[in-house]
Amino acid sequence: MRILRGGVRRLAAFDPSTLDPAALLGRPELPTDLSAARRELGGRRILVTGAGGSVGVHLAERLLGLEPERLTLLDHHDHALFTLKARLDRVALGGPWRLALADVRDEARLARELDAARPHAVFHLAAYKHVPFGEAFPEETFAVNVLATMTLLRLAGERGIDRFVYPSSDKAVNPPSLYGATKRLSEILVQQAARDSGQRYVIARFVNILGTRGSAIETFAEQLQSGVPLTVTDERMTRYWISMREATWLLLQAAAVGSPGGPLMLDAREEVPIVAIVRRVEALLAPGAHQRPMRFTGLRPGERLREELLSNHESFESGPCAGLLVVRNRRQDQHLVRLPALLESLTALAADADGDRLKTAAMEAARALQ
């Protein structure tokens, strides 16, 4: 922190990944053995989309630790790639990685990058993730989260890429938001591509991840540091949480030991009240200080008080290793039959730039495919 002329204090950008994850989670982190990932991904060519995002940056570091033949890190945001490069220059200067500035909506550009990288495995992290922005800009969110995923899956299939990992979200279950709807539609797209290609195309279904930029935890920490009121959506709100290390391990395990079909999830099924998370952040940043008052702002469009891990047609099964669960959906085959017609209709609405109708139709389609 430094003092600027006039007495205004500027806070350095807060890095939420610096907070102790076990203290925030209220539990020990799950073991994250990488032997299977090293065996399956070491010496291979790998491409990551959305590599400049919070999860992408940490995934890139862990992938480099597996000693791949080559790692291509793709993102459309130049500043994100600049920051990623600076970070990797510190930890892996001269390593087998390259950056690619590209928009996943640009099919021709994406095809060229795939041809240049010739990856054995793709981690498709590129997405618009903020729920309120998805509600406000449905055409953009649908184009990136669904249409670009559909394009990348087709291009990967045409090139015989044998592993494709897609991170989904618990917000895909009975989605109250367009973001959640796009994640559910893309889950089924991945399942369809896995069936058609016979390759290992796997879904990793996330819950909330500690340490991501723009997250609620980052907001709480910055409010605590700057002295402004703590704003919380609703005192009854709960969320499921995993650490950044657990999230990247889930992605690596999906590539290493996952199989096509139902999503993989971490066995971390304890809900934590948002109020408890705020108090834990406060205790870490200001130990011994009096608790600050909270101001409750109410749910925003697309939000709900509690997330759901399973739809009425889903159930958990034991996963391929300790700490992992597989989600099975007894209606999956029916969903794969219905998907093409639904996507054709949604794609037409997206082309017409009718955001309101697109949002309504996408959410109806995703709810019908639970």
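Just so we're aligned, residue 154 is where the sequence shown starts under our numbering, counting upward by one. Quick reminder that beta carbons are idealized off the backbone N, C-alpha and C, glycines included. Just so we're clear, the structure is a prediction, and the values are computed from it rather than from any experiment.
The closest CA to that of residue 316, considering only 423, 407, 188, is found on 407.
It is roughly 14 Å from the alpha-carbon of residue 265 to the alpha-carbon of residue 252. In the three-state DSSP reduction, residue 302 falls in the helix class (H, G or I).
In this structure, the alpha-carbon of residue 216 lies about 27 Å from that of residue 335. In the three-state scheme derived from DSSP, where H, G and I count as helix and E and B as strand, residue 228 is classed as strand. Counting along the chain, the unbroken beta strand (DSSP E) around residue 393 starts and ends at 391-395. The stretch 168-185 and the stretch 437-453 touch, with no fewer than 3 CB-CB distances between them shorter than 8 Å. A distance below 7 Å between beta-carbons, with the five flanking residues on each side excluded, links residue 287 to the following residues of its chain, in chain order: 281, 294, 330, 331, 332, 455. Counted as a single uninterrupted DSSP element, the beta strand (DSSP E) harbouring residue 426 occupies residues 424-426.
Three or more Cβ pairs closer than 8 Å define a contact, and the stretch 312-326 falls short of that threshold against the stretch 507-517. Where residue 277 is concerned, the enclosing beta strand (DSSP E) starts and stops at 274-277. Between residue 380 and residue 246, the alpha-carbon positions lie close to 39 Å from each other. Assigned with DSSP and collapsed to three states, residue 430 falls in helix.
Look at the beta carbons and you see the stretch 195-214 touching the stretch 223-233: at least three pairs across the two are nearer than 8 Å. Residue 491 holds the alpha-carbon nearest to the alpha-carbon of residue 518 among 353, 491, 223. Comparing C-alpha distances from residue 392 to each of 453, 457, 364, 412 shows the shortest one belongs to 457.
Less than 8 Å divides the Cβ of residue 355 from the Cβ of residue 413. CA-to-CA, the gap between residue 298 and residue 462 works out to about 20 Å.
A residue is called buried when at least 16 other Cβ atoms come within 10 angstroms of its Cβ; residue 188 does not meet this threshold and is exposed.
For residue 358, the uninterrupted beta strand (DSSP E) run begins and ends at 353-359, by DSSP.
Around the beta carbon of residue 365, a 10 Å sphere encloses 16 or more other beta carbons of the protein chains shown; the residue is thus reported as buried. Following the DSSP letters along the chain, one finds residue 341 inside the alpha helix (DSSP H) bounded by residues 331-350. With contacts defined as CB atoms closer than 8 Å, residue 409 and residue 182 fail to qualify as a contacting pair. The secondary-structure analysis by DSSP pairs residue 198 across a beta bridge with 223. Exposure of residue 244 is indicated by the presence of fewer than 16 other C-beta atoms within 10 angstroms of its C-beta. The straight-line gap separating the alpha-carbon atoms of residue 464 and residue 485 is approximately 12 Å. In the DSSP assignment, residue 237 forms no beta bridge with any residue. Assignment of residue 513 by DSSP, reduced to helix, strand and coil, places it in the helix class. Shown here, residue 467 sits in a strand according to DSSP, grouped into three states.
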